[in-house]
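A.B. asks: Have a look at this one.
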Amino acid sequence: MVSRILQSGFVKPLHTILRYTAATVLLLVYTTIMTTMLCLILSTIWIPSWGYAVAGWINPLLDWFLRVSEWLVGDKSDNQDEEPSQDIVASRAISWMVTNCEVPRSVDIALQAIAGANKQLPRRPLEECNAARVIARRLGSGDLYTKAGTNLVSHYIRALFVLGSNPEPSNDSHQDELDIMIRDLQAGTKNQVVSLITDGQFTPTTQNLEALRIGSNTPHQCLMLVKNPQKAGPLPLLQVVRLLQDHLTDSKPLHPAALLSLINAIAMLASCAPSNGTSNPAVIIIYLIHSVLSNPSSTKSTLFEMSGILAACALSQGRSVTTPELAQLNRLARTEQSLRALADYMQGNTSSEIVFWSGVLELSSHPDAYGLNASLQSDSEWLLSASGVSHNKTDVVSMIADLHSHATTAFSDIADKLFSPAADVDRDLVEQYIENINRAYSIGQIQTPPTQVYVFLLECLYHSNMQDDLVRKCGQVFSQLSFPQVSFELVGWLGDRDIVPKLRDTVDRWYVGIRFLAASHLWLLFTLYLDTPDLHPILQEQMLLELEKYKPGHRSREELEKIRQDLGKKIEEFWRWPHRNRLLVDDIGGFAFRFMECLLQQQQRPKSDPRWKQINKGLVGIPQDLRGLAYLVRGETHEDGEAHISLDVQVEPLDAKS
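Under my numbering, the first residue of the sequence shown carries the number 659, and numbering increases by one thereafter.
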């Protein structure tokens, strides 16, 4: 009866009318919303004070429209056609074996395979088959606890740890975690070495075979260092130094596979060695680098392969950025942190000279943060003798100053070559450099960058345009780094690279992200000069000479204050428009919120200002020591200037241009 009514000629026209009516209503609603949004945006031209409130209404609507459009036009076929990864296939295979296989020996093998898994192995299939319960039943059987079953027990215990059945981590569980990480690194290194060794150019020379032997033996030595350092035996650090020296002097060059094996070996050994004296990874690496740079070489490009060590090991050992709780971690926790950083770096980063030199600059700019100080002198004799450097002529302080001078020159050469006025800037290469710096500094959790790196990022910003992705990439790096602090080194680099005029010209470009970043960094520089207390008189005069380049002839404090106010107004204009506000948040993110907090604090804006709501929401999760005007102008003592000057000590010069 109902079916007959629905199919009658009377209902069909009614159904058509309802369908078109619904479509018309939806179209009217959509048009009304869009018209309202457009009117609100246009109204801010005549009533600027509405801009911040309008941004709060419109941004959620834009988010909703974007999500709807992505849902309508999104291509869902890609995920369906994509082949499952090897990890999920392995996890499902083990789950099937445990659930369906009737041969006990096969089930044992499947369960033991879990012991060698890494953290990327999907857990859901293993949880669905109750693998942890099956392993627990195996451990409860008495026939395992015989001399022949000792290895099985060890594998089962490690498999339980992988599955996360032990909620309270102990030293034993921590060692099992490190065991898995070391084996995972071993597998990754092996795959990389095999792919390089099959190029048809490998020759079985003594040095190549020794490098491969050191690399293949390293995981076993690392396991011994983790479980019982006293029984680990002597580490092959002396052989590593000599092999690297011979390679870089071209006397006994290494095949790329042998070099990679050697470098990964020293990285793993440095991570697992006890953290005292010269066993500190940063100490080992700083001596290796110094010994390498002290030798003239025609194959300097291979030196940059060591940037992986710097990013993954030395930079991950920083002490100044850790919380008090992390500072109390034991040796095993330190080893885990360093190995995890090394694994992250090996999985997706390409070594480059910019990473290498930015790493050397970080180590030499903040040596105390990495345990590099004069107290290590008594522990460094074996490293000095291995590197062929006279113990009497070289100490830790002069060595670090040597490296800092060398890295500064090399970094300047990179910038000169990259931004040469005689040729077009390779923006793809600039983007790659910024990505590599961002990754290396993220792994090391570095917040205070060397001055050279900060100025380099500002110069990259000057060469950006709408067609590239430099603004977003620079914004990502600036978001994790602290604001600059006034120093002789900063003023010197601002002058050498002519940064203030470049930022001034960048403010006048069309794209809002470029203009915002340029104007905000100019505002920061003017604020450092105007508000930092107790500036050294010489430093104050040098800073004034640089700021005067923004508008020649304007030197008085009142004129500089007026320039800062004008910059602040420009920045507020960028922030006021809803569409610009959204672009800034998307492209720059955390830095935009941090800077706006400083700007509003300096202007003493009340908490009732509607902008504070959006800014405070965006600041959630950002460390307190990266925020606020008080942090920006916390004051530099006279000794700070002297500390930077003291780097220019008289040491035997290295050939920086070699």
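Every residue gets a Cβ at the ideal spot worked out from N, C-alpha and C, and that includes glycine. The structure displayed is predicted, hence computed values, not measured ones.
If you reduce the DSSP assignment to three classes, tell me which class I1095 lands in.
C.D. replies: For the purposes of this step, residue 1095 is identified with residue 437 of the sequence shown, where counting begins at 1. Three-state DSSP puts I1095 in a helix.
A.B. asks: Let's test the definition: count the other Cβ atoms within 10 Å of the Cβ of E1297 and tell me whether it reaches 16, buried, or not, exposed.
C.D. replies: As a working mapping, residue 1297 is identified with position 639 in the sequence shown. Since pLDDT at E1297 reaches only 39, below the 50 mark, its modelled position is unreliable, and no value is offered.
A.B. asks: With DSSP run on the structure shown, which of helix, strand or coil describes S735?
C.D. replies: Here residue 735 is taken as the residue at index 77 of the sequence shown, counted from 1. Because S735 sits at a pLDDT of 45, beneath the cut-off of 50, its placement in the model cannot be relied upon, and the following sentence gives the value as read from the coordinates. Reduced to three states, the DSSP call for S735 is helix.
A.B. asks: In angstroms, rounded to a whole number, what distance separates the CA positions of G1150 and L1218?
C.D. replies: The residue given as residue 1150 occupies position 492 in the sequence shown. The residue given as residue 1218 occupies position 560 in the sequence shown. One C-alpha to the other measures close to 20 Å.
A.B. asks: Smallest Cα separation from V1278: which of Y1289, V1291, L1287 and E1255?
C.D. replies: Position 620 of the sequence shown holds residue 1278. The shortest C-alpha separation from V1278 is found at E1255.
A.B. asks: Under the three-state reduction of DSSP, which class applies to G1259: helix, strand or coil?
C.D. replies: Here residue 1259 refers to the residue found at position 601 of the sequence shown. Position check: residue 1259 holds Gln in this sequence, whereas Gly was assumed. Residue state, collapsed to three classes: helix.
A.B. asks: Under 9 Å, do G1211 and W1181 count as touching if we go by C-beta distance?
C.D. replies: In the sequence shown, residue 1211 corresponds to position 553, counting from 1. In the sequence shown, residue 1181 corresponds to position 523, counting from 1. Not a contact, by the Cβ cut-off of 9 Å.
A.B. asks: Whole-angstrom Cβ separation of V1158 and L1119, contact assumed at under 8 Å?
C.D. replies: For the purposes of this step, residue 1158 is taken as residue 500 along the sequence shown, with counting starting at 1. For the purposes of this step, residue 1119 is taken as residue 461 along the sequence shown, with counting starting at 1. Going by Cβ atoms, the distance from V1158 to L1119 rounds to 13 Å, so no, they are not a contact pair.
A.B. asks: Going by other Cβ atoms of all chains shown within 10 Å of its Cβ, with 16 needed for buried, is Q1138 buried or exposed?
C.D. replies: Position 480 of the sequence shown, counting from 1, holds the residue named residue 1138. Buried: at least 16 other Cβ atoms inside 10 Å.
A.B. asks: Would you kindly work out how many angstroms separate the C-alpha atoms of L676 and L696, rounded to a whole number?
C.D. replies: By one-based count along the sequence shown, residue 676 stands at place 18. By one-based count along the sequence shown, residue 696 stands at place 38. Looking at the two C-alpha atoms, the distance is approximately 30 Å.
A.B. asks: Considering just the uninterrupted stretch of the alpha helix (DSSP H) at D1060, what are its terminal residues?
C.D. replies: As a position in the sequence shown, residue 1060 is number 402, starting the count at 1. Counting along the chain, the alpha helix (DSSP H) containing D1060 begins and ends at V1054 to L1076.
A.B. asks: Which of the three DSSP states, helix, strand or coil, is assigned to H1179?
C.D. replies: Counting from one through the sequence shown, the residue named residue 1179 turns up at place 521. Of the three classes helix, strand and coil, the one that applies to H1179 here is helix, per DSSP.
A.B. asks: Less than 9 Å between the C-beta atoms of F1174 and E1117, yes or no?
C.D. replies: Position 516 of the sequence shown, counted from the first residue, corresponds to residue 1174. Position 459 of the sequence shown, counted from the first residue, corresponds to residue 1117. No, these two residues do not count as a Cβ contact at 9 Å.
A.B. asks: What does the alpha-carbon distance come out to for the pair T856 and M926?
C.D. replies: By one-based count along the sequence shown, residue 856 stands at place 198. By one-based count along the sequence shown, residue 926 stands at place 268. Looking at the two C-alpha atoms, the distance is approximately 24 Å.
A.B. asks: In three-state DSSP terms, what is Q1103?
C.D. replies: Walking along the sequence shown from the start, residue 1103 turns up at place 445. Coil at Q1103, not helix or strand.
A.B. asks: Between L946 and L920, how many whole angstroms is the CB-CB distance? I'm expecting something under 8 Å.
C.D. replies: Reading the sequence shown from its first residue, position 288 is the one you call residue 946. Reading the sequence shown from its first residue, position 262 is the one you call residue 920. Wrong, their Cβ atoms sit about 11 Å apart, outside the cutoff.
A.B. asks: Here's the rule I'm using: 16 or more other beta-carbon atoms within 10 Å means buried, otherwise exposed. How should N1123 be labelled?
C.D. replies: What you label residue 1123 is simply residue 465 of the sequence shown in a count that begins at 1. It counts as exposed.
A.B. asks: Using DSSP with H/G/I as helix, E/B as strand and the rest coil, what is D1163?
C.D. replies: To locate residue 1163, count along the sequence shown from 1; it is residue 505. Of the three classes helix, strand and coil, the one that applies to D1163 here is helix, per DSSP.
A.B. asks: In or out: V852 buried (at least 16 other Cβ within 10 Å) or exposed?
C.D. replies: Taking the sequence shown and counting its residues from 1, the one referred to as residue 852 is at position 194. V852 should be labelled exposed.
A.B. asks: If I'm right that A869 touches L912 with Cβ under 8 Å, what's the distance once you round it to whole angstroms?
C.D. replies: On the sequence shown, residue 869 is found 211 positions in, with the first residue counted as 1. On the sequence shown, residue 912 is found 254 positions in, with the first residue counted as 1. With a Cβ gap of about 6 Å, A869 and L912 count as contacting.
A.B. asks: Measuring straight from C-alpha to C-alpha, what distance separates E1216 and Q1261?
C.D. replies: Translated into the one-based positions of the sequence shown, residue 1216 becomes position 558. Translated into the one-based positions of the sequence shown, residue 1261 becomes position 603. Their Cα atoms are separated by approximately 16 Å.
A.B. asks: Any idea what DSSP makes of L1042, helix, strand or coil?
C.D. replies: For the purposes of this step, residue 1042 is taken as the residue at position 384 of the sequence shown. Below a pLDDT of 50, predicted positions are generally treated as unreliable, and L1042, at 49, falls in that range; the measurement from the model is reported next regardless. Of the three classes helix, strand and coil, the one that applies to L1042 here is helix, per DSSP.
A.B. asks: Which two residues bound the contiguous alpha helix (DSSP H) that contains D1267?
C.D. replies: Against the sequence shown, residue 1267 aligns to sequence position 609. Element bounds for D1267: n/a, residue is neither H nor E.
A.B. asks: Taking its Cβ as the centre, do 16 or more other Cβ atoms sit within 10 Å of N737, making it buried, or is it exposed?
C.D. replies: Position 79 of the sequence shown, counted from the start, is the residue given in the question as residue 737. Residue confidence for N737 is low, a pLDDT of 44 falling below 50, so the modelled location carries little weight; the figure read from the coordinates is stated next. With fewer than 16 other Cβ atoms within 10 Å, it is exposed.
A.B. asks: Mapping DSSP to helix, strand and coil, what is H1194?
C.D. replies: As a first step, residue 1194 is located in the sequence shown; it is residue number 536 there, counting from the start. Coil at H1194, not helix or strand.
A.B. asks: By the three-class DSSP mapping on this structure, what secondary structure does L676 have?
C.D. replies: As a position in the sequence shown, residue 676 is number 18, starting the count at 1. Looking at L676 - three-state DSSP - the assignment turns out to be helix.
A.B. asks: Distance, Cα to Cα, R782 vs L1242?
C.D. replies: Within the sequence shown, residue 782 is the residue found at index 124, counting from 1. Within the sequence shown, residue 1242 is the residue found at index 584, counting from 1. Cα to Cα, R782 sits roughly 39 Å from L1242.
A.B. asks: Just tell me which of H1121, E1089, Q1200 and K1131 has its CA closest to the CA of L1148.
C.D. replies: On the sequence shown, residue 1148 is found 490 positions in, with the first residue counted as 1. With distances taken between Cα atoms, L1148 lies closest to Q1200.
A.B. asks: Mind checking whether R1130 and D1283 have CB atoms under 9 Å apart?
C.D. replies: Numbered from 1 along the sequence shown, position 472 holds the residue referred to as residue 1130. Numbered from 1 along the sequence shown, position 625 holds the residue referred to as residue 1283. No, the pair does not count as a contact, with Cβ atoms beyond the cut-off.
A.B. asks: Which first and last residues belong to the alpha helix (DSSP H) in which P877 is found?
C.D. replies: The residue given as residue 877 occupies position 219 in the sequence shown. Unbroken alpha helix (DSSP H) run through P877: T864 to K885.
A.B. asks: Nearest by alpha-carbon distance to Q1110: which of L883, R1155 and A1080 is it?
C.D. replies: Numbered from its first residue, the sequence shown carries residue 1110 at position 452. When each option's Cα is compared against that of Q1110, the closest is R1155.
A.B. asks: Going by beta carbon distance, what residues of the same chain come within less than 7 Å of T876, once the five residues before and after it are set aside?
C.D. replies: Taking the first residue of the sequence shown as position 1, residue 876 is located at position 218. Excluding residues within five positions, the ones whose Cβ falls inside 7 Å are A923, M926 and L927.
A.B. asks: Contact between the segment 785-792 and the segment 751-761: three or more CB pairs below 8 Å?
C.D. replies: Touching, per the Cβ criterion.
A.B. asks: Excluding the 5 residues flanking C880 on each side, which residues of the same chain have their C-beta closer than 6 Å to its C-beta?
C.D. replies: Taking the first residue of the sequence shown as 1, we reach residue 880 at position 222. Cβ neighbours of C880 beyond the five flanking positions: I840, M926 and C930.
A.B. asks: Could you check what DSSP says for G1247 in three-state terms: helix, strand or coil?
C.D. replies: Indexing the sequence shown from 1 puts residue 1247 at position 589. Here G1247 sits in coil by DSSP.
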